[in-house]
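Engineer:
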Amino acid sequence: MATINFDEYKNVWVFVEQRDGKLMNVALELLGEGRRLAKDIAEDTKVCAVLVGDKVEHLAKECFAYGADSVYLIEDPLLKNYTTDGYTKVITDAANQFKPDIFLYGATHIGRDLAPRVAARLNTGLTADCTHLDVSVAGYIKYAEENTTLNTKSLDPNSPDKGLKMTRPAFGGNLMATIVCPRTRPQMATVRPGVMQKMEPIEGATGEIVKVTPEIKASDIKVEILDIVKSAKELVSLTDANIICSAGRGLGDASGFELMQKFADKVGGVVGASRAAVDAGWIGHDHQVGQTGTTVKPTIYFACGISGAIQHLAGMQSSDCIVAINKDPDSPIMEIADYAIVGDLYKVIPEIIAEWDNAEALYDATTK
Amino acid sequence: MAFKIIVCAKQVPDTNEIKINPETGTLIRDGVPSILNNDDANALEEALKIKDKHPDTHITVVSMGPPQAQEMLFECIAMGADEAVLLSDRAVGGSDTWATSNAITAAIKKIGDFDLIFAGRQAIDGDTAQVGPQIAEKLELPQVTYVEEFEIADNMKDITVKRQLEDGYELIKIQTPCMLTAIKELNEPRYMSMKGIFNKEKDIKVINAADAEIDLTIVGLKASPTNVYRSFTPKPKGKGITVEGDTEKDVAKTLLIDLKKKHII
Ligand SMILES: Cc1cc2nc3c(=O)[nH]c(=O)nc-3n(C[C@H](O)[C@H](O)[C@H](O)COP(=O)(O)OP(=O)(O)OC[C@H]3O[C@@H](n4cnc5c(N)ncnc54)[C@H](O)[C@@H]3O)c2cc1C
Ligand SMILES: Cc1cc2nc3c(=O)[nH]c(=O)nc-3n(C[C@H](O)[C@H](O)[C@H](O)COP(=O)(O)OP(=O)(O)OC[C@H]3O[C@@H](n4cnc5c(N)ncnc54)[C@H](O)[C@@H]3O)c2cc1C
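As they're listed, the protein sequences go chains A and B. Take the first sequence: its letters are residues 6 to 373, numbered as in this note's numbering. Take the second sequence: its letters are residues 10 to 274, numbered as in this note's numbering.
(1) So which residues on chain A does B:Asp255 lean against when the C-beta distance must stay under 7 Å?
(2) Please identify the residue among B:Asp65, B:Thr185, B:Asp220, B:Gly205 whose C-alpha is closest to the C-alpha of B:Lys166.
(3) Please state the DSSP three-state secondary structure of A:Met171.
(4) Could you give the residue range of the alpha helix (DSSP H) that holds A:Met339?
(5) What is the DSSP secondary structure of A:Lys238, reduced to helix, strand or coil?
(6) Kindly list, in the order they appear in chain A, the residues whose Cβ is closer than 8 Å to that of B:Ser110.
(7) Looking at A:Leu350 and ligand 1, is the gap between the Cβ and the nearest heavy atom below 8 Å?
(8) Any heavy atom of ligand 2 closer than 8 Å to the CB of B:Gln139?
(9) Pick out whichever of B:Gly121, B:Glu253, B:Asn196 has its Cα sitting closest to the Cα of B:Glu275.
(10) At a Cβ threshold of 9 Å, is A:Lys238 touching chain B?
(11) If I measure Cβ to Cβ from A:Glu150 and keep anything under 8 Å in the same chain, skipping five residues before and after, which residues do I get?
(12) Less than 8 Å between the CB atoms is what I'm expecting for A:Asp118 and A:Arg197, so what's the real figure, rounded?
(13) How should B:Gln143 be labelled, buried or exposed, when 16 other C-beta atoms within 10 angstroms of its C-beta is the threshold for buried?
(14) Once the 5 residues before and after A:Lys238 are set aside, which same chain residues still bring their CB inside 6 Å of it?
(15) Report yes or no: do three or more beta-carbon pairs, one from the region 219-238 of chain A and one from the region 176-184 of chain B, lie closer than 8 Å?
(16) Using only CA atoms, which one of B:Cys187, B:Leu36, B:Leu96, B:Asp259 lies nearest to B:Asn25?
(17) Under 8 Å, CB to CB, which of the residues in the region 91-119 of chain B have a partner in chain A?
(18) Leaving out the 5 sequence neighbours to the left and right, which residues in its chain are closer than 8 Å to A:Lys94 when beta-carbon positions are compared?
(19) Nearest to A:Gly199 by alpha carbon, out of A:Ala370, A:Thr371, A:Val31?
(20) Kindly provide the chain-ordered list of residues whose Cβ lies closer than 5 Å to any non-hydrogen atom of ligand 1.
(21) For B:Ser42, collect the residues of the same chain with a Cβ closer than 6 Å to its Cβ; drop the 5 residues on either side in sequence, then sort them by chain order.
(22) Which residues of chain B have a Cβ atom closer than 9 Å to the Cβ of A:Ile233, listed in chain order?
(23) A:Glu229 touches chain B at which residues, Cβ-Cβ below 9 Å?
(24) What separation, rounded to the nearest whole angstrom, lies between the Cα atoms of A:Ile358 and A:Asn247?
(25) So the candidates are A:Tyr92, A:Gln293, A:Ala342, A:Leu169; which of them puts its Cα closest to the Cα of A:Ile330?
(26) How is the alpha helix (DSSP H) around A:Glu38 delimited, first residue to last?
(27) Quick one: what does DSSP say A:His290 is sitting in, helix, strand or coil?
(28) Could you check whether the Cβ of B:Leu150 sits closer than 8 Å to any heavy atom belonging to ligand 2?
(29) Let me know the secondary structure DSSP gives A:Arg190 once reduced to three states.
(30) DSSP state of B:Ala93, grouped into three classes?
(31) Using beta-carbon positions only, say whether A:Leu109 and A:Met193 come within less than 9 Å of one another.
(32) Between the region 178-199 of chain A and chain B, which residues of the former have CB atoms less than 8 Å from a CB of the latter, in chain order?
(33) Can you tell me which of B:Ala116, B:Lys13, B:Lys244, B:Lys248 puts its alpha carbon nearest to the alpha carbon of A:Thr154?
(34) May I ask you to list, following chain order, the residues of the region 66-94 of chain B that have a beta carbon less than 8 Å from some beta carbon of chain A?
(35) Give me the chain A residues within the contact set of B:Gln152, using Cβ-Cβ distance strictly less than 8 Å, ordered along the chain.
(36) Starting from the beta carbon of A:Glu365, find every residue of chain B whose beta carbon is closer than 7 Å, and list them in chain order.
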C-alpha cells in the first residue's frame, strides 16, 4: 500500500441516495450526523452531499436545508437508476479527485451494494451497518459509559485522536464492536437507517454546487434493469414482521380484533394472538404466538390483554422490545416487559394509534 | 463444456446459541455449534438446482477458515457439491473484509475458470455483507446482491434475477460470468443425501497461502485497513419500566417519546 498523506483528505461526505427523484430519509439523517462529526473535527470541516442521478439538481436545496455545505452533483442519463457499475465508477472517480476524509452511506439495499465496491476500488476500509459514530475520544467515552459495558479506563479523554470510531453490532446483536480505519483514507461506513438524527431543516439555506462531469459510457454498465417494481406491502407473516400487535382473552370478544387490526395497520405491523383468543374462535390459528404457535422476534411486540403464560412467553420473549398493556399489574407479562402499561387496552390502544404519527414531533419537543 | 460454478461458504457459530456471560460481559462460545452460514446454504442450493437441470454442471465450494471448517465443507459435498477447497493459513487470520476478499479471490483464481459465483449476502457472525461485492470487484465481475429469484436461459449465458429492495424488487438482466449473492427468500436448501455422504470420490482439498500464491502483503490482520478499536457487549436488559401518566393519552405519549429516544421506532 502506498503511503498516504492524510492532510490531503478533508471533509465529511455523505452519499445522498435518491430513488425516483426523491431523497431517502437516511440521507437526511446522515447529513445531520455529518454536521455533528464535522463540528468535532475542525472549524473548517465541511459536510458535502454526493448527489448522483439524472436531472436531480433540484434535490440540492433539500440537502442544504438539512445541513450540507456543498453538493457534488454527478448527473448523466446513464445514472438515472442505480447500478453497481455506474455508481461505483463515478463515485470512486470523485473520491479520488476530491479526497474526502470521511464518507458515509445509508445501510440500505443500495448502500450495502455500492459501498463495499467503492471501498475495494479505493483500497480503503469499510465498516458495516453502524449505529453510532464518534471522532473525539471524549465523545466516545461518554457514549460508551452511557450505553455499554465497556471499561473506558484505558481511554484518554484528552487524546488528540480524531479518527472515526464506528460502532456496530455483530454476532446477531450479541456483540458490539468499534472499528477504526487508521492507515487509509477515506474512512468509510454504512449507517443503519433510522438511527441518526436529522437536523431541523433551515428553509432557504444555500451552498455551493460543484458539478462533476462523470466519465461514463453505456458499455461500463454490465447489467440491464428491466423493471423496478414497488410491491404494495404484502401481508407479512408473523416471523418476518417488525412489529407485532398481539391480543389475548383480555379483548373480551372477537370484535376486539378490529381494533387490533387498526392498531397493526397504523404501526405497520401484523396481528398476533394468544392461544386463549384462538381457542375462543376470535381469530385464526395462523396468528397464534407461542409454544404451539409461531415463535417470533420482532423489534416491538405489543402484548395486549395477555397474561404471559409460560407457553406464550416461549414464543415471544426474545423480541427486542416488549410493551405490555394489562389491567393487572401483577400479571407475569409485566415481569418481562420493557414497558409495562397498567390499564384498559380499549382506552390505551386508541391513544397510541392517535399519537403514533406525532412520535417524532413529541420527541423533538422534549429535546428543545 | 461443463458449466462451472463456485460457491463461497463460511463456517460460522450458530449465533442463536451464543449467550453472554453476565459477569465478564464476554461471549460464551463453548459448546456453540458451528454451522454452514445460512445465506451460503441458499447460495449452494441455487447452484445445485442448476446441476439438477444440467447434470454436467461442476460445483466447487470455496472457503477460508480454520481446519475445522472441513466439517462444514463435508456437509456441502453431502448436499451435492462436486468438490471443496479450504484455504487455511495463519497468515490470513484476522483479515477484515478487504483482506478476506483478497485471499478468497486468490483461491478462486487458483481453482481456475468459472462461469458463475454464488456467495451468501451476509455471514451471521461478522454480519458485514461486504465480502461478496469485494470479491466481485477484485475479479472485475458484475454483481447482483440480495438475489431472491434466479433464472438462467438455455444458452447458459443470460441470467434474469429479482433483486430485493426494501419496498419491492428490481428485475435485472446480467450475463455470465458474474457474482450473485443469495438471501433466504431465494430457495429452501436441501438436506444432505446418503449418496452424497458416501461419495468418497469427491474430496476436500486444504490449501495454504503459498499454494494459492497469495501476496502476503494484502492479507491478514496487519494488512487490513480496518481494525477493531474496542469490543463489548450491549448493556444487559434491566427490568422494564412502568409507564405512568394521568390519562391514557399521557401514557401513550410517554411511551412513544421513549421508543423514539431509544431509536426503537
Ligand atoms: C401444552 C400447551 C401449549 C400451549 N401453547 C400455547 C401457545 O402456543 N400460545 C399461547 O398463547 N398459549 C398457549 N397455551 C395456553 C397458555 O397456557 C394460556 O392459557 C394462554 O396463553 C392464556 O391466554 P391469555 O393470556 O390471552 O389469557 P388469560 O391468561 O386469561 O389472560 C388475559 C389477560 O387479560 C387481562 N385483561 C383483561 N381485560 C383487560 C382489558 N380490558 N385491558 C387490558 N388487560 C385486560 C387480564 O388481566 C389477564 O392478564 C398452551 C397451553 C398448554 C397446556
Ligand atoms: C465484531 C466484528 C466486527 C467486524 N466488523 C467489520 C467491519 O465493519 N468491516 C470489515 O471490513 N471487517 C469487519 N470485521 C471482520 C470480518 O468479519 C471478517 O473480514 C470476515 O472474514 C468477513 O466478513 P463477514 O463475516 O462479515 O462476511 P460477509 O461479508 O457478511 O459474508 C458475505 C458472504 O461472503 C462469503 N464469505 C465471507 N467470508 C468467507 C469465508 N471466510 N470463506 C468463504 N466465503 C466467505 C460468504 O458467501 C458470505 O455469505 C469484523 C469482525 C468482527 C469480529
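All C-beta atoms in this analysis are idealised placements derived from N, C-alpha and C, irrespective of residue type, glycine included. None of these values were measured; they are calculated from a predicted model.
Structural biologist: The answer reads as follows:
(1) Residue numbering aside, residue 255 of chain B sits at position 246 when the second sequence is read from its first letter. Here the premise fails: no neighbours, minimum Cβ distance about 12 Å.
(2) Residue 166 of chain B sits at position 157 when you count from the first residue of the second sequence. Closest option to B:Lys166, Cα to Cα, is B:Thr185.
(3) The count along the first sequence starts at 1 and reaches residue 171 of chain A at position 166. Three-state DSSP puts A:Met171 in a strand.
(4) The count along the first sequence starts at 1 and reaches residue 339 of chain A at position 334. Element bounds for A:Met339: 338-341.
(5) Locating residue 238 of chain A in the first sequence gives position 233, counting from the first residue. Unreliable positioning characterises A:Lys238 in this predicted model, as indicated by a pLDDT of 46, which lies under 50. The coordinate reading is nonetheless provided below. Here A:Lys238 sits in coil by DSSP.
(6) Residue mapping note: residue 110 of chain B aligns to position 101 of the second sequence, counting from 1. Chain A residues near B:Ser110: Ala125.
(7) Position 345 of the first sequence, counted from the first residue, corresponds to residue 350 of chain A. Yes.
(8) Locating residue 139 of chain B in the second sequence gives position 130, where the first residue counts as 1. Yes, Cβ of B:Gln139 sits closer than 8 Å to a heavy atom of ligand 2.
(9) Nothing in the structure corresponds to residue 275 of chain B, since chain B is present only between 10 and 274.
(10) The count along the first sequence starts at 1 and reaches residue 238 of chain A at position 233. Because the pLDDT at A:Lys238 is just 46, under 50, the model does not fix this residue reliably, and the value given afterwards should be weighed accordingly. Yes, contact with chain B.
(11) Looking up residue 150 of chain A in the first sequence gives position 145. Here the set comprises Thr157.
(12) Taking the first sequence and counting its residues from 1, the one referred to as residue 118 of chain A is at position 113. Taking the first sequence and counting its residues from 1, the one referred to as residue 197 of chain A is at position 192. In this structure, A:Asp118 and A:Arg197 do not form a Cβ contact; the two beta carbons are roughly 15 Å apart against a cut-off of 8 Å.
(13) Here the question's residue 143 of chain B lines up with position 134 in the second sequence. It is buried - the Cβ of B:Gln143 has at least 16 other Cβ atoms within 10 Å.
(14) For the purposes of this step, residue 238 of chain A is taken as the residue at position 233 of the first sequence. The predicted model places A:Lys238 with a pLDDT of 46, which falls under 50 and marks its position as unreliable; any figure quoted below should be read in that light. By the criterion of a C-beta distance shorter than 6 Å, A:Lys238 is surrounded by no residue of its chain, once the five residues flanking it on both sides are discounted.
(15) Contact between the region 219-238 of chain A and the region 176-184 of chain B is established, with three or more Cβ pairs separated by less than 8 Å.
(16) Position 16 of the second sequence, counted from the start, is the residue given in the question as residue 25 of chain B. Of the listed residues, the one whose Cα sits closest to B:Asn25 is B:Leu36.
(17) Asp105, Thr106, Trp107, Ser110
(18) Position 89 of the first sequence, counting from 1, holds the residue named residue 94 of chain A. The residues are Pro219, Glu220, Ile221, Asp225.
(19) Taking the first sequence and counting its residues from 1, one reaches residue 199 of chain A at position 194. Minimum Cα distance to A:Gly199 is reached at A:Val31.
(20) A:Gly253, A:Arg254, A:Gly255, A:Ser279, A:Arg280, A:Ala281, A:Gly295, A:Gln296, A:Thr297, A:Gly298, A:Gly310, A:Ile311, A:Ser312, A:Ala314, A:Gln316, A:His317, A:Asn331, A:Lys332, A:Asp333, A:Ser336, A:Asp349, A:Leu350
(21) Counted from its first residue, the second sequence places residue 42 of chain B at position 33. Going by the sequence as given, residue 42 of chain B is Pro instead of Ser. Asp23, listed in sequence order.
(22) Within the first sequence, numbered from 1, the residue matching residue 233 of chain A stands at position 228. Within 9 Å Cβ-Cβ: Leu174, Gly177, Tyr178, Glu179, Leu180.
(23) Position 224 of the first sequence holds residue 229 of chain A. Simply Ile181, Lys182, Ile183.
(24) As a position in the first sequence, residue 358 of chain A is number 353, starting the count at 1. As a position in the first sequence, residue 247 of chain A is number 242, starting the count at 1. Roughly 17 Å between the two C-alpha positions.
(25) To locate residue 330 of chain A, count along the first sequence from 1; it is residue 325. For the residues A:Tyr92, A:Gln293, A:Ala342, A:Leu169, the minimum Cα distance to A:Ile330 belongs to A:Ala342.
(26) Here residue 38 of chain A refers to the residue found at position 33 of the first sequence. Run containing A:Glu38: 30-46, per the alpha helix (DSSP H) assignment.
(27) In the first sequence, counting from the first residue as 1, residue 290 of chain A sits at position 285. In the structure shown, A:His290 sits in a helix (DSSP, three-state: H, G or I).
(28) As a working mapping, residue 150 of chain B is identified with position 141 in the second sequence. Not so, every heavy atom of ligand 2 lies at least 8 Å from the Cβ.
(29) Here residue 190 of chain A refers to the residue found at position 185 when the first sequence is read from its first residue. Residue state, collapsed to three classes: coil.
(30) For this step, residue 93 of chain B is matched to residue 84 along the second sequence. In this structure, B:Ala93 counts as strand in the three-state DSSP scheme.
(31) Reading the first sequence from its first residue, position 104 is the one you call residue 109 of chain A. Reading the first sequence from its first residue, position 188 is the one you call residue 193 of chain A. Yes. Within cutoff.
(32) So the list reads Gly178, Asn179, Leu180, Met181, Ala182, Thr183, Ile184, Val185, Cys186, Pro187, Arg188, Thr189, Gly199, given in the order they occur along the chain.
(33) For the purposes of this step, residue 154 of chain A is taken as the residue at position 149 of the first sequence. The candidate whose alpha carbon is nearest that of A:Thr154 is B:Lys244.
(34) If the cut-off is 8 Å between Cβ atoms, the region 66-94 of chain B has nothing near chain A.
(35) By 1-based counting over the second sequence, the position of residue 152 of chain B is 143. Thr89, Asp118, Arg122, listed in chain order.
(36) For this step, residue 365 of chain A is matched to residue 360 along the first sequence. In chain order: Lys269.
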